[in-house]
Amino acid sequence: MSNIALAARVGLTPGPCLRRVQRLERDGVIRGYRAVVDPGAIHRGFEVLLHIDLNTQEAGVVAAFERAVSQLEEVTEFKRLFGTPDYFVRVAVADLESYEAFLTGRIMPLPGLGKASSHFAMKNILPGAP
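Per this note's numbering, the sequence shown runs over residues 79 to 208.
Below, the structure is given as structure tokens:
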């Protein structure tokens, strides 16, 4: 949104609005800006929510697993959780065949993997952050 549109929206003139935005950027409140990419346009329109449990919590295995999964280009979000499952992984690929190849070829061979459970959305009701 342009500074003029933002100023009008929040009831300020453009000068003070710009100074406030610059201060928010400088103070780290605004951490950056991004482009919203259409996943289908880059052959990543098939999204899978993957829950993973490790069969051990040994520090070396955990670190190696996290390092390996973090480097996979299909992974768009990766969180270690308290409780079960151990990990939440959001995966974006072209289609079901691509996901099956990703899961069996890149996730299942990882040391320490105990269980992987795939979830496919039926419908996006409130989309996540772009």
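Backbone N, C-alpha and C define an ideal beta-carbon position, used for all residues, glycine too.
Since we're looking at a predicted model, the values are computed, not measured.
With 16 other Cβ atoms within 10 Å as the buried cut-off, status of residue i
{"i": "Ile203", "result": "exposed"}
{"i": "Tyr111", "result": "exposed"}
{"i": "Asp164", "result": "buried"}
{"i": "Leu132", "result": "buried"}
{"i": "Ala83", "result": "exposed"}
Contact set for residue i: own chain, Cβ-Cβ below 8 Å, skip 5 residues either direction
{"i": "Leu90", "result": "Arg98"}
{"i": "Asn81", "result": "Pro92, Cys95, Leu96 and Val99"}
Collapsed DSSP secondary structure at residue i in the structure displayed
{"i": "Gly138", "result": "helix"}
{"i": "Gly110", "result": "coil"}
{"i": "Ala194", "result": "strand"}
{"i": "Phe156", "result": "strand"}
{"i": "His88", "result": "Contrary to the premise, residue 88 reads as Val rather than His in this sequence. The answer is helix: DSSP assigns Val88 an H, G or I state."}
Same chain, Cβ closer than 7 Å to residue i, five either side skipped, listed in chain order
{"i": "Asp173", "result": "Phe124"}
Distance, residue j Cα to residue i Cα
{"i": "Ala137", "j": "Phe143", "result": "10 Å"}
{"i": "Gly192", "j": "Val88", "result": "51 Å"}
{"i": "Leu127", "j": "Ala141", "result": "21 Å"}
Quick check: the stretch 113-122 against the stretch 155-166, are at least 3 beta-carbon pairs closer than 8 Å?
Below 8 Å, too few C-beta pairs join the stretch 155-166 and the stretch 113-122 to call them touching: fewer than three.
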